[in-house]
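There are 2 protein chains.
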Amino acid sequence: MLTQSEENYLKCIYHLSSKSNGAINTNAIADSLETKAASVTDMIQKLANKGLASYVKYKGVNLTNKGEKEALKVVRKHRLWEVFLVKELGFNWDKVHDIAEQLEHIKSTTLIDKLDKFLAYPKFDPHGDPIPDANGEIAPNPTTTLSILKPGDVCTVICAKDTSSDLLLFLDRINISLGTQLEVVDYLEFDGSYSVKVDNGNPITLSTKVAENIFIDKL
Amino acid sequence: MLTQSEENYLKCIYHLSSKSNGAINTNAIADSLETKAASVTDMIQKLANKGLASYVKYKGVNLTNKGEKEALKVVRKHRLWEVFLVKELGFNWDKVHDIAEQLEHIKSTTLIDKLDKFLAYPKFDPHGDPIPDANGEIAPNPTTTLSILKPGDVCTVICAKDTSSDLLLFLDRINISLGTQLEVVDYLEFDGSYSVKVDNGNPITLSTKVAENIFIDKL
DNA sequence: TATTATTTTTAGTCTTATCTAAATTTATAT
DNA sequence: ATATAAATTTAGATAAGACTAAAAATAATA
Ligand SMILES: [Mn+2]
Ligand SMILES: [Mn+2]
Ligand SMILES: [Mn+2]
Ligand SMILES: [Mn+2]
Numbered sequence: 003m004l005t006q007s008e009e010n011y012l013k014c015i016y017h018l019s020s021k022s023n024g025a026i027n028t029n030a031i032a033d034s035l036e037t038k039a040a041s042v043t044d045m046i047q048k049l050a051n052k053g054l055a056s057y058v059k060y061k062g063v064n065l066t067n068k069g070e071k072e073a074l075k076v077v078r079k080h081r082l083w084e085v086f087l088v089k090e091l092g093f094n095w096d097k098v099h100d101i102a103e104q105l106e107h108i109k110s111t112t113l114i115d116k117l118d119k120f121l122a123y124p125k126f127d128p129h130g131d132p133i134p135d136a137n138g139e140i141a142p143n144p145t146t147t148l149s150i151l152k153p154g155d156v157c158t159v160i161c162a163k164d165t166s167s168d169l170l171l172f173l174d175r176i177n178i179s180l181g182t183q184l185e186v187v188d189y190l191e192f193d194g195s196y197s198v199k200v201d202n203g204n205p206i207t208l209s210t211k212v213a214e215n216i217f218i219d220k221l
Numbered sequence: 003m004l005t006q007s008e009e010n011y012l013k014c015i016y017h018l019s020s021k022s023n024g025a026i027n028t029n030a031i032a033d034s035l036e037t038k039a040a041s042v043t044d045m046i047q048k049l050a051n052k053g054l055a056s057y058v059k060y061k062g063v064n065l066t067n068k069g070e071k072e073a074l075k076v077v078r079k080h081r082l083w084e085v086f087l088v089k090e091l092g093f094n095w096d097k098v099h100d101i102a103e104q105l106e107h108i109k110s111t112t113l114i115d116k117l118d119k120f121l122a123y124p125k126f127d128p129h130g131d132p133i134p135d136a137n138g139e140i141a142p143n144p145t146t147t148l149s150i151l152k153p154g155d156v157c158t159v160i161c162a163k164d165t166s167s168d169l170l171l172f173l174d175r176i177n178i179s180l181g182t183q184l185e186v187v188d189y190l191e192f193d194g195s196y197s198v199k200v201d202n203g204n205p206i207t208l209s210t211k212v213a214e215n216i217f218i219d220k221l
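Respectively, the protein sequence lines represent chains A and B. For what it's worth, the numbering used here labels the leading residue of the first sequence as 3, then goes sequentially. For what it's worth, the numbering used here labels the leading residue of the second sequence as 3, then goes sequentially.
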């Protein structure tokens, strides 16, 4: 049985792997988990010994099939609990990540399958991230961000990067949520900012950084 | 902040204290938590140092007000989660204890208060045990068991001791649940068994041990 | 290519929570 | 009252997971 710490590492490696290709660096994991590189090395070796990761000294780590399967179970739990917290308990979307970070470690397959059913088998979490099903099947992660759009382009918001409460509260403030329609009216080369109409309202300015954190479907 | 283990010990001492008066023995805690006496001594000393328990060497331990308050928070969480698992997710009452044993350690006061509201502020858990409110107020534990009744007595089932899945499944099988009306029709001195009508049906036999594990309201 | 800088690993320490075995205290029974 | 039994505590060991500091390997640069 996996410990809480092992689960956190597996999920972290899974996430990093889906953002880049090739092996994952020790330091990237350490940054992501806010721990030290030495601790990461220890854990990587442990995961490799358990057949959950393939690891070559100094070259980085990758999940094995077995490891990815376990990681997906944790992701599934995390995202289903997030749906529960927002849809059923009325939490705002910026408050649920930390709580789901704990709930994702509750051991019970029956529990999570019943929760899935209770929530009517949601396909996406409150931030727009896809939820793996009971077999570990998961829709592809969104890839296109607002930042690739040109003036005149119209899109729908489908996902926000869910780690930062700052970003989510900012989106709340400017009335952007999942499904919101955006139109890019201008791009300012000088600072990389975008002028964007939210639901055909008056244009507002979004920084590059914000634009890179909003996943969209281009229309 | 309390660790999971500290919370388990506090809850355990709280439960033992409510069943007996005076200080709680080291061995009683060890038995209840399925651990060793030496481990219990260590933890008791730790809890005493944190001001959560009062402890006299060789004489046993009691919770301080502060310790009891913390224990009640854990009990509240445990029982609210049990209600959720049974009422919302459709678990049978014999399956929820172990899962609640994990869920009770999730840290978030907001979460538990929202869950409480979501469940419409239940006063009792699926086993009939009282649920502490947000201020730590809790109804008295049931005290009267079926075993004190005499032939001719009629009662309502209000609570089952929730630790044993064996007992709960047995009660399911003989159609006893919370609220069920029972009538004692006979008591057999020889083996201490009771003959009982369940909802005015045909009498069935219950052992002393079962009778001692069913809390009732005498009518 | 040689030298420096960065990354990663190893070695050794710390904390929490266990355990076993031994010592000590308290309870029980002659 | 004394001896024995039971309960409890202490001492010392172990395992997981984290840390710091030092060593080793890899990458970047002159
Ligand atoms: Mn987590
Ligand atoms: Mn999310
Ligand atoms: Mn517990
Ligand atoms: Mn219960």
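Cβ atoms here follow ideal geometry from the backbone N, Cα and C, with glycine treated the same way.
Let me make sure I understand the geometry here. Which of the options has the alpha-carbon closest to that of residue i?
| i | options | result |
| --- | --- | --- |
| A/K89 | A/V76, A/S56, A/Y123, A/L74 | A/Y123 |
| A/Y11 | A/G24, A/K199, A/A50 | A/A50 |
| A/K116 | A/R78, A/P144, A/P128 | A/R78 |
| A/I216 | A/L151, A/V187, A/D188, A/N204 | A/L151 |
| A/S19 | A/G203, A/E214, A/E103, A/V63 | A/V63 |
| A/E36 | A/K52, A/Q47, A/S7 | A/S7 |
| A/T182 | A/S197, A/G194, A/N202 | A/N202 |
| A/F172 | A/Q47, A/G130, A/K211, A/N137 | A/K211 |
| B/L221 | B/S166, B/P205, B/D155, B/A40 | B/D155 |
| A/H80 | A/K21, A/V58, A/F126, A/Q47 | A/F126 |
| B/N137 | B/Y196, B/V76, B/N23 | B/V76 |
| A/S167 | A/W95, A/G194, A/Q47 | A/W95 |
| B/I46 | B/T146, B/N23, B/N204, B/Y16 | B/Y16 |
| B/K52 | B/L4, B/A40, B/S41 | B/L4 |
| A/K21 | A/K48, A/T146, A/S41 | A/T146 |
Exposed or buried, residue i, counting other C-beta atoms within 10 Å across all chains shown (16 or more means buried)?
| i | result |
| --- | --- |
| A/T28 | buried |
| A/F192 | exposed |
| B/G69 | buried |
| A/A213 | buried |
| B/K38 | exposed |
| A/A102 | buried |
| B/K13 | buried |
| A/D118 | buried |
| A/V198 | buried |
| B/V222 | No statement about residue 222 of chain B is possible, as the shown extent of chain B runs from 3 to 221 and does not include it. |
How about residue i and residue j: are their beta carbons less than 9 Å apart?
| i | j | result |
| --- | --- | --- |
| A/T112 | B/F93 | yes |
| A/C161 | A/E185 | no |
| A/E84 | A/P142 | no |
| A/L82 | A/K97 | no |
| B/L74 | B/T66 | no |
| A/I108 | B/L105 | yes |
| A/E139 | A/E72 | no |
| A/D164 | A/H99 | yes |
| A/P144 | A/I218 | yes |
Kindly give me the distance between the Cβ atoms of residue i and residue j, rounded to whole angstroms, as I take these residues to be in contact under 8 Å.
| i | j | result |
| --- | --- | --- |
| A/K1 | A/A25 | Here chain A covers residues 3 to 221 and nothing more, so residue 1 of chain A does not appear. |
| A/L91 | B/F120 | 6 Å |
| A/V159 | A/I176 | Not confirmed; about 11 Å, so no contact. |
| A/V187 | A/P153 | 6 Å |
| A/G130 | A/L180 | 5 Å |
Checklist line | Segments of 3+ residues assigned as beta strand (DSSP E) that fall wholly inside the region 42–81 of chain B | finding: 55–58, 62–65
Notebook entry, point to check: At which residue ranges does the region 86–139 of chain B contain complete alpha helix (DSSP H) runs of 4 or more residues, listed in the order of the chain?
Noted result: 98–105, 111–120
Check: Which runs of the beta strand (DSSP E) spanning at least 3 residues fall entirely within the region 154–199 of chain A, listed in chain order?
Finding: 156–162, 183–190
Checklist line | Sequence ranges, alpha helix (DSSP H) only - wholly within the region 6–41 of chain A, length at least 4 | finding: 6–21, 28–35
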